[in-house]
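Chemist: So the protein lines, in turn, are chains Z and X. Residues in the first sequence are numbered consecutively from 1, following the UniProt record's numbering. Residues in the second sequence are numbered consecutively from 1, following the UniProt record's numbering.
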Amino acid sequence: MASVTILYFASLREQLGRERETAAVAAEGESVTSLLSALRAQDSALNALFERTPRIRVAINQALASFQDTVRPGDELAFFPPMTGG
Amino acid sequence: MIRVLVQTDAFDLGGEMARLSHISDSVGGISVFMGQVRGQGDGLESLTLEHYPGMTEKVLIGLAEEATARFSLLGCTVIHRVGTMRVGEPIVFVGTASGHRAEALQATAFLIDRLKTGAPFWKCERFTDGRTTWVEAREADDDAAALWD
Numbered sequence: 001m002a003s004v005t006i007l008y009f010a011s012l013r014e015q016l017g018r019e020r021e022t023a024a025v026a027a028e029g030e031s032v033t034s035l036l037s038a039l040r041a042q043d044s045a046l047n048a049l050f051e052r053t054p055r056i057r058v059a060i061n062q063a064l065a066s067f068q069d070t071v072r073p074g075d076e077l078a079f080f081p082p083m084t085g086g
Numbered sequence: 001m002i003r004v005l006v007q008t009d010a011f012d013l014g015g016e017m018a019r020l021s022h023i024s025d026s027v028g029g030i031s032v033f034m035g036q037v038r039g040q041g042d043g044l045e046s047l048t049l050e051h052y053p054g055m056t057e058k059v060l061i062g063l064a065e066e067a068t069a070r071f072s073l074l075g076c077t078v079i080h081r082v083g084t085m086r087v088g089e090p091i092v093f094v095g096t097a098s099g100h101r102a103e104a105l106q107a108t109a110f111l112i113d114r115l116k117t118g119a120p121f122w123k124c125e126r127f128t129d130g131r132t133t134w135v136e137a138r139e140a141d142d143d144a145a146a147l148w149d
């Protein structure tokens, strides 16, 4: 089945208790929002985390992206809180 | 000349400045920003910096290339540490070399402002009583980054 790798960083990783997973994705690709809805429907901890955490960012293949962008099989998706470097 | 490093070790401030200074005879000004762990009188013991290996390097190289083109830099060095650092320890080095001071000064400000909100680093604070908290992003940092749009 077509899949993507999902990474979680910082407080999201810590609260979920995992840093990566794989998820099924439509063979022709689908939006991050669509993929995330399916994941949240299957995982109440993930759903609660996204509900209580404002301003979650998404990256596709290591570049900042928007939740409307398309994820395709083989992509690396990452979710994380706003960045606090420097 | 672009030099981007993400590392756990401390960096050699003097060595990095000398490297920028020796890039070419055309260098007339070098500007440096160094960020370090700030003690806040609230029992902060250390910061642990987490990052997104792969994306971090891409973002930092992209920013260094953008700064080099935008400010006509002759040299641009960005070194960011990850892992655990105690109060007073250096976290980040940004150094730029240009023909004249204005470009180097502006480029350094551009790089640190953009890096804070655009490069995938996250700080977790550890206090002497054992508590840990993730640092919240500040709106003022977004505003500073947006000034360069």
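By construction, the Cβ of each residue, glycine as well, lies at the ideal position given by its N, Cα and C atoms. Bear in mind the structure is a predicted one, so any value in this text is a computation, not a measurement.
Which complete beta strand (DSSP E) runs does the segment 61–140 of chain X hold, if anything under 3 residues is left out?
Modeler: Listed in chain order, the complete beta strand (DSSP E) runs (minimum 3 residues) inside the segment 61–140 of chain X are 75–81, 83–86, 90–98, 121–127, 132–134.
Chemist: Since E103 of chain X meets chain Z, which of its residues come closer than 9 Å, beta carbon to beta carbon?
Modeler: Chain Z residues near E103 of chain X: none, gap ~21 Å exceeds 9 Å.
Chemist: Quick one: using the 10 Å Cβ neighbour count with 16 as the cut-off for buried, is E16 of chain X buried or exposed?
Modeler: With 16 or more other Cβ atoms within 10 Å, it is buried.
Chemist: Looking at C-beta atoms only, is the number of pairs between the segment 92–106 of chain X and the segment 122–132 of chain X that lie closer than 8 Å three or more?
Modeler: With the cut-off at 8 Å, the segment 92–106 of chain X and the segment 122–132 of chain X do not touch.
Chemist: Let's test the definition: count the other Cβ atoms within 10 Å of the Cβ of F127 of chain X and tell me whether it reaches 16, buried, or not, exposed.
Modeler: By the neighbour-count rule (16 or more Cβ atoms within 10 Å), F127 of chain X is not buried but exposed.
Chemist: Taking CB distances under 8 Å as the criterion, tell me whether M1 of chain Z reaches chain X.
Modeler: Taking Cβ atoms only, chain X never reaches closer than 8 Å to M1 of chain Z, which makes this a no.
Chemist: At a CB distance below 8 Å, what residues from the segment 114–135 of chain X approach chain Z? Give them in sequence order.
Modeler: Result list: L115, K116, T117, G118, A119, P120, F121, W122, K123, C124, W134, V135.
Chemist: For G85 of chain Z, decide whether its Cβ has a neighbour in chain X, counting only Cβ atoms nearer than 8 Å.
Modeler: Answer yes: the Cβ-Cβ gap between G85 of chain Z and chain X drops below 8 Å somewhere.
Chemist: Exposed or buried, A10 of chain X, counting other C-beta atoms within 10 Å across all chains shown (16 or more means buried)?
Modeler: Looking at its Cβ environment, which holds fewer than 16 other Cβ atoms inside 10 Å, A10 of chain X is exposed.
Chemist: Pick from X:R70, X:E136, X:H51: whose alpha carbon is nearest that of Q62 of chain Z?
Modeler: It is X:H51.
Chemist: Any contact of the segment 39–56 of chain Z with the segment 27–34 of chain X, i.e. 3+ C-beta pairs under 8 Å?
Modeler: Result no; under three Cβ-Cβ pairs closer than 8 Å.
Chemist: Can you pull the chain X residues whose beta carbon is under 8 Å from the beta carbon of F80 of chain Z, in chain order?
Modeler: Residues of chain X passing the Cβ test: Y52, P120, W122.
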